[in-house]
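Under the UniProt record's numbering, the sequence shown is numbered contiguously, ending at residue 729. Backbone N, C-alpha and C define an ideal beta-carbon position, used for all residues, glycine too. Just so we're clear, the structure is a prediction, and the values are computed from it rather than from any experiment. See structure below.
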Amino acid sequence: MTQEFFDEGALVGVLTTQPLDRVLDYKAPEGGCWLGAFVEVPLGPRKVLGVVWGPGRGDWDISKVRAVNRVLDVVPMADEMRQFLTKAADYTLTPMSAMLRLATRAPGLGDAPSMRKVYRLGTAEPERMTDARRKVLEVLRDYGGLAFTLKEVAEMAGVTPSVVKGLVKLGAVSEEDSPRDLPYPRLDPEYGSKELTEDQQAGAQVLRDAVRSGRYGTTLLKGVTGSGKTEVYLEAVAECLRQGRQALVLLPEIALTSEFITRVEARFGHKPAEWHSGVTMTERRRCWKMVGQGEAQLIVGARSALFLPFRDLGLIVVDEEHDTSYKQEDGVLYNARDMAVLRASLNSAQVVLASATPSLESWANVEAGKYRRVTLTSRYGAAVLPEMTAIDMRSEDLPGSRWVSPSLQAKVQARLERGEQSLLFLNRRGYAPVTICRACGHQIGCDDCDSTMVEHRFLKRLMCHQCGETKPMPTVCPSCEVEDKLAPVGPGVERMAEEAQALFPQAKIAVLSSDLYGSARALKEHIEAIARGDADVIVGTQLVAKGHNFPKLTLVGVIDADLGLQGSDLRAAERTFQLMRQVAGRAGRAEAAGEAVLQTFQPEHPVIRAILGGDEEAFWAAEAGERRAAGVPPYGRMAGIVLSSPNVQEVFDLGTAMARQDGPLRQIGAQVFGPAPAPIARIRGRHRVRLLVKAEKGVPLQQALAAWAKQFKLRGDLRMAIDIDPQSF
Ligand code: ADP
Ligand code: ZN
Numbered sequence: 001m002t003q004e005f006f007d008e009g010a011l012v013g014v015l016t017t018q019p020l021d022r023v024l025d026y027k028a029p030e031g032g033c034w035l036g037a038f039v040e041v042p043l044g045p046r047k048v049l050g051v052v053w054g055p056g057r058g059d060w061d062i063s064k065v066r067a068v069n070r071v072l073d074v075v076p077m078a079d080e081m082r083q084f085l086t087k088a089a090d091y092t093l094t095p096m097s098a099m100l101r102l103a104t105r106a107p108g109l110g111d112a113p114s115m116r117k118v119y120r121l122g123t124a125e126p127e128r129m130t131d132a133r134r135k136v137l138e139v140l141r142d143y144g145g146l147a148f149t150l151k152e153v154a155e156m157a158g159v160t161p162s163v164v165k166g167l168v169k170l171g172a173v174s175e176e177d178s179p180r181d182l183p184y185p186r187l188d189p190e191y192g193s194k195e196l197t198e199d200q201q202a203g204a205q206v207l208r209d210a211v212r213s214g215r216y217g218t219t220l221l222k223g224v225t226g227s228g229k230t231e232v233y234l235e236a237v238a239e240c241l242r243q244g245r246q247a248l249v250l251l252p253e254i255a256l257t258s259e260f261i262t263r264v265e266a267r268f269g270h271k272p273a274e275w276h277s278g279v280t281m282t283e284r285r286r287c288w289k290m291v292g293q294g295e296a297q298l299i300v301g302a303r304s305a306l307f308l309p310f311r312d313l314g315l316i317v318v319d320e321e322h323d324t325s326y327k328q329e330d331g332v333l334y335n336a337r338d339m340a341v342l343r344a345s346l347n348s349a350q351v352v353l354a355s356a357t358p359s360l361e362s363w364a365n366v367e368a369g370k371y372r373r374v375t376l377t378s379r380y381g382a383a384v385l386p387e388m389t390a391i392d393m394r395s396e397d398l399p400g401s402r403w404v405s406p407s408l409q410a411k412v413q414a415r416l417e418r419g420e421q422s423l424l425f426l427n428r429r430g431y432a433p434v435t436i437c438r439a440c441g442h443q444i445g446c447d448d449c450d451s452t453m454v455e456h457r458f459l460k461r462l463m464c465h466q467c468g469e470t471k472p473m474p475t476v477c478p479s480c481e482v483e484d485k486l487a488p489v490g491p492g493v494e495r496m497a498e499e500a501q502a503l504f505p506q507a508k509i510a511v512l513s514s515d516l517y518g519s520a521r522a523l524k525e526h527i528e529a530i531a532r533g534d535a536d537v538i539v540g541t542q543l544v545a546k547g548h549n550f551p552k553l554t555l556v557g558v559i560d561a562d563l564g565l566q567g568s569d570l571r572a573a574e575r576t577f578q579l580m581r582q583v584a585g586r587a588g589r590a591e592a593a594g595e596a597v598l599q600t601f602q603p604e605h606p607v608i609r610a611i612l613g614g615d616e617e618a619f620w621a622a623e624a625g626e627r628r629a630a631g632v633p634p635y636g637r638m639a640g641i642v643l644s645s646p647n648v649q650e651v652f653d654l655g656t657a658m659a660r661q662d663g664p665l666r667q668i669g670a671q672v673f674g675p676a677p678a679p680i681a682r683i684r685g686r687h688r689v690r691l692l693v694k695a696e697k698g699v700p701l702q703q704a705l706a707a708w709a710k711q712f713k714l715r716g717d718l719r720m721a722i723d724i725d726p727q728s729f
């Protein structure tokens with residue numbers, strides 16, 4: 001890779017993280033700088049972060065151009081990365097400065113490295129050798145002179161830090177100052193390899209060959225929960241490590257990473273680098289720098305890890321690729337799955353999309369011959385897929401304000417008697433979704449949003465799930481001022497837990513819902529305790545649907561299988577299908593067989609029938625047919641434009657004007673729908689109006705959208721957000 005160098009005083013264009021949306025000219029500093037260098041530049045009275053993006057434009061009086069303050073002590077941004085940011089910005093219609101902010105999320109990037117103590121093999125031999133001391137020396141010898149922190153040495157050797165300190169006193173281990181950012185221990189691709197089944201072996205071979213090709217390609221790795229997808233894609237990671245290239249594994253949920261990290265350690269001998277919101281600032285900075293230097297071989301992270309400055313990225317795995325949390329819904333609106341494919345194509349890297357219930361998008365890409373497909377058909381070992389049946393709620397004898405049918409109750413009771421776990425699944429946080437006044441019928445809503453306040457009994461407050469605002473539970477109706485008439489309507493997980501405790505007084509009940517834990521760590525610990533068996537009945541939201549192993553779980557009861565099928569969203573069927581299959585997949589992973597039951601009032605609904613029947617190919621084909629007929633993704637293209645303002649008239653006026661002046665869109669044959677109130681018509685006091693744009697595949701949609709939007713000035717407090725490939729339509 002040859003990169004351009006700019007001599008001192010040469011004019012360079014610097015892209016900064018400030019919202020200016022153009023590259024600014026500066027003079028290269030003393031000693032010059034490389035294209036791609038991370039620099040600090042003066043901007044008005046401030047110093048800001050930027051990247052040398054190319055030569056300056058040069059139509060300036062050079063004597064008036066300010067100079068770059070300094071070049072930061074990090075590896076310059078690679079050409080591929082600059083291309084990636086540019087293309088991602090074009091695709092998502094995002095300003096370049098915002099893309100650069102995503103790519104520079106390393107705390108203290110510009111700081112000089114501070115020092116800390118590190119330890120390596122010393123010169124002396126201790127007179128008295130103990131087992132613990134021997135382990136420390138062996139570990140350090142294995143690493144041939146590499147230095148580690150005290151914690152790392154102690155952990156690797158399985159001894160207390162005092163043993164290491166003792167060896168320092170004797171001169172057997174040397175202690176020295178080192179810059180804070182240490183490389184990660186080398187991973188060994190041959191370390192803990194498992195014997196694979198024939199099915200897995202064949203899949204692993206396809207992925208290994210793909211990685212070895214050194215070219216871009218995407219493979220959909222489809223297999224039921226527990227079929228060993230993780231084992232198989234770890235073989236692709238191993239091959240990538242053998243090639244000396246870097247690998248990235250994206251996971252949808254931080255709560256899942258600890259289990260995954262343990263598996264990586266068992267497979268490759270050491271922990272990988274981690275990148276997500278649960279990681280300390282110091283560790284994030286270390287990760288960012290080492291990724292750039294090529295000294296972090298494997299990164300396990302959240303979607304934002306896609307914007308790390310990889311030196312030579314050879315493989316990206318997107319686990320649970322169908323998961324909606326891969327779509328970033330704030331700020332830069334991007335889908336990590338699509339960005340992974342873009343990044344890999346620019347890096348000659350491979351992508352593996354793993355899922356038991358792939359997105360229709362990926363399924364269609366396989367159909368179209370764009371993606372390879374590898375399928376694992378059976379669960380590993382003795383585990384079999386749970387049997388799935390429906391409970392027809394119309395024929396269950398159930399008093400009001402109760403949700404566990406007698407049939408489901410009997411099944412849970414049987415599990416309790418056998419010492420097995422049950423899961424009651426309800427995708428609703430809080431105690432009750434609605435609080436109503438029985439005197440006047442008033443529903444308590446959020447002051448700032450068009451949504452009801454959800455009672456959270458553990459917190460003893462009402463909470464708005466749109467803006468997060470909370471208020472104490474009132475005792476008097478805010479509308480008619482009658483006392484003690486407010487009552488909860490409908491169930492949330494907290495209320496389900498109450499019912500479960502009443503039905504099974506001897507049982508230990510655990511609630512798994514993302515809002516009940518102060519920190520990601522607390523949640524992780526709770527999940528681990530439950531997996532070990534520290535609960536008889538788990539009451540949970542979709543948090544439990546995401547890939548964690550509960551070996552003792554043999555029954556999944558879905559409280560309301562109809563919940564996701566309401567509303568007009570064209571993706572509702574797909575989402576419900578995925579969620580129900582994922583939840584059911586939690587049951588019966590180990591020796592005991594599992595069972596999943598869906599409580600439903602419409603057992604003959606085609607989606608419920610498809611879930612029970614388990615003929616996925618038929619379901620996807622039917623869904624595909626409907627989407628194709630409607631001309632929507634993945635067979636057509638869509639964009640959502642959300643306009644918002646505190647003034648409702650203003651948003652509608654702009655929306656109407658935009659719908660009328662749709663020339664640039666008509667030129668590419670696109671249609672505009674709306675303006676209509678957005679799915680949530682008011683959030684945080686801002687009224688929201690949405691326009692939907694539908695176009696055929698293959699037309700320059702982004703260009704047309706940009707030209708269209710440019711016709712309108714956003715006056716006052718009006719805001720416009722363009723969402724390419726919206727989640728709901
Ligand atoms: P998936 O990712 O498809 O849900 P996993 O890779 O998590 O499946 O595998 C399910 C369980 O089976 C895990 O505990 C895993 O360690 C185990 N397993 C899968 N394949 C093998 C294998 N070839 N040898 C040993 N254990 C395996
Ligand atoms: Zn609100």
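May I ask you to report which of helix, strand or coil DSSP gives residue i?
i      : result
Asp725 : coil
Ala78  : coil
Gly108 : coil
His526 : helix
Ile444 : coil
Ser362 : helix
Gly369 : coil
Glu8   : coil
Ala273 : strand
Ala501 : One point to set straight first is that residue 501 is Gln, not Ala, in the sequence displayed. Note: Gln501 maps to helix in three-state DSSP.
Provide the residue(s) that pair with residue i in DSSP beta bridges, ordered along the chain.
i      : result
Asp177 : Lys117
Pro42  : Lys47
Ser422 : Val537, Leu555
Leu15  : Val51
Ala67  : Lys27
Pro488 : Thr435
Under the criterion of a Cβ to heavy atom distance below 7 Å, does residue i qualify as lining the ligand ADP?
i           : result
Lys151      : no
Thr357      : no
Gly226      : yes
Gly192      : no
Tyr431      : no
residue 777 : The structure shown does not extend to residue 777, since the chain is modelled only from 1 through 729, so no value can be given for it.
Gly223      : yes
Asn549      : yes
Gln200      : yes
Glu483      : no
Thr554      : no
Leu251      : no
Could you tell me the distance, in whole angstroms, from the CA atom of residue i to the CA atom of residue j?
i      : j      : result
Leu248 : Leu503 : 46 Å
Arg682 : Arg688 : 6 Å
Gln566 : Arg575 : 12 Å
Gly192 : Asp536 : 34 Å
Ala238 : Glu190 : 8 Å
Ile724 : Gly419 : 49 Å
Leu379 : Gly226 : Looking at the sequence provided, one finds Arg at residue 379 rather than Leu. Rounded to the nearest angstrom, the two C-alpha atoms are 5 Å apart.
Ala349 : Leu207 : 12 Å
Val544 : Pro664 : 45 Å
Gly669 : Leu692 : 14 Å
Asp560 : Pro309 : 44 Å
Asn335 : Leu315 : 18 Å
Ala364 : Ser325 : 20 Å
Compute the beta-carbon to beta-carbon distance between residue i and residue j, rounded to the nearest angstrom, for a pair I have assumed lies under 8 Å.
i      : j      : result
Asp25  : Gly50  : Not a contact, Cβ separation roughly 11 Å.
Val648 : Gln599 : Contact doesn't hold; Cβ gap of about 40 Å is too wide.
Cys464 : Cys437 : Not a contact, Cβ separation roughly 18 Å.
Glu295 : Cys287 : Not quite, the Cβ-Cβ distance comes to about 10 Å (not below 8 Å), so this is no contact.
Leu555 : Ser422 : 4 Å
Phe268 : Leu187 : 4 Å
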